[in-house]
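Please read the structure below before turning to the comments.
Numbering (full-length UniProt numbering), first residue to last: 1 to 304.
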């Protein structure tokens, strides 16, 4: 089965390249990279606070039973990301990513101070925000290069957005330890307000796009003959990274914001039965929201 899955992945990639669908391959890999970056944020802070990692997974599949493993004793150094590589598991269904602590790591996580736990839970959202801002900055750098190449007058709006986004990315990286707690909280509040506007305004949910819609939009862009398709593709990837961070910042279990809220409730001494009820209600709300978004996608892109 593993050999068959490997062969299918290999020939699928070769087919996309050979048929000229390189943008489609780039979109798929970028989508996986955005999800992996989110989990890498959690892994980074887990390593920082001494939480042992059992497995970092790319794709969907049972823990401990991947298509193949990559294990290395090397230490990764990428901007601020400096950490020993955990065992990396690859699954054939590239629709997600995860990071799992060992049993002892789970116990250590439970006993960490509130601030450390909040950094671990909020690390994924913060990385998505950094990635989104970095892509936004690169898009404006690209536009600036195109304008200069064509000998056109350099628009001040592009220059302003490039400077602001680059500075913001630097701030998010420099102050990552504090902002990994506060940026998810601020984004969670913003997301609650955004959802309130969506569901309280007639017709506003027409602009709501879920995973099916994202994949459909990506496929349409990747197969487009529009000269600006590459820029549209990276604009979509920017939106995906930002949306993933915003969605996970919602204070409802089982999302990252829900884990942060639960940790705070425990620290404040909220009774266990109240926390348990909060988790059940949060899970019910999460499932309802996911079903609604998926149904909205199916209706909008396939039935409307």
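Where is the CB? At the ideal position from N, CA and C, for every residue including glycine.
Cutoff 8 Å; reference residue i; Cβ partners in own chain excluding five residues on either side
i	result
residue 274	265
residue 38	97, 124, 125, 127, 128, 244, 245 and 248
residue 114	263, 264 and 267
residue 219	24 and 27
Inter-residue CB distance, residue i and residue j (contact presumed, cutoff 8 Å)
i	j	result
residue 51	residue 105	4 Å
residue 61	residue 93	6 Å
residue 125	residue 184	4 Å
residue 117	residue 84	Rounded, the Cβ-Cβ distance is 21 Å, inconsistent with contact.
residue 279	residue 251	With a Cβ gap of about 12 Å, residue 279 and residue 251 do not count as contacting.
residue 293	residue 195	Incorrect: roughly 11 Å between the Cβ atoms, too far for contact.
residue 29	residue 229	Between residue 229 and residue 29 the Cβ distance is about 16 Å, and since that is not below 8 Å, they are no contact.
residue 236	residue 217	6 Å
residue 135	residue 238	4 Å
residue 27	residue 58	The pair is not a contact, with the Cβ atoms about 16 Å apart (cut-off 8 Å).
residue 242	residue 132	4 Å
residue 109	residue 101	6 Å
Beta bridge counterpart(s) of residue i as assigned by DSSP
i	result
residue 157	In the DSSP output, where bridge partners are listed per residue, residue 157 has none listed.
residue 55	100
residue 89	57 and 69
Distance, residue j Cα to residue i Cα
i	j	result
residue 138	residue 35	19 Å
residue 176	residue 303	44 Å
residue 53	residue 70	14 Å
residue 296	residue 262	30 Å
residue 42	residue 234	24 Å
residue 3	residue 66	Low confidence applies to residue 3: its pLDDT is 45, below 50, so where it sits in the model is not reliable enough to give any reading.
residue 181	residue 150	43 Å
residue 178	residue 257	16 Å
residue 145	residue 157	14 Å
residue 199	residue 212	20 Å
residue 298	residue 49	42 Å
residue 281	residue 55	30 Å
residue 141	residue 167	13 Å
residue 285	residue 192	13 Å
residue 289	residue 186	21 Å
residue 291	residue 201	20 Å
residue 143	residue 103	49 Å
residue 210	residue 276	28 Å
residue 147	residue 232	17 Å
residue 255	residue 99	14 Å
residue 9	residue 40	Note on residue 9: pLDDT 44, under 50, position unreliable in the model; no value is reported.
residue 301	residue 287	21 Å
residue 107	residue 221	45 Å
Neighbourhood of residue i by C-beta, 6 Å cutoff - its chain only, sequence neighbours within 5 removed
i	result
residue 7	Below a pLDDT of 50, predicted positions are generally treated as unreliable, and residue 7, at 41, falls in that range; the measurement from the model is reported next regardless. There are no such residues.
residue 45	119, 120 and 123
residue 326	The chain is shown only over 1 to 304; residue 326 falls outside these bounds and no answer can be derived.
residue 283	253
residue 190	none
Residues near residue i in its chain [Cβ-Cβ closer than 7 Å; skip 5 each side]
i	result
residue 130	169, 172 and 173
residue 240	31, 34 and 214
residue 161	140
residue 188	249, 250, 251 and 257
beta-carbon residue i near the ligand HEM non-hydrogen atom, thresh 7 Å
i	result
residue 257	The model depicted lacks the ligand HEM and carries no ligand whatsoever.
Three or more C-beta pairs closer than 8 Å, one from the segment 271 to 287 and one from the segment 235 to 246: is that the case here?
As far as the Cβ criterion goes, the segment 271 to 287 does not touch the segment 235 to 246, which means the pair count is below three.
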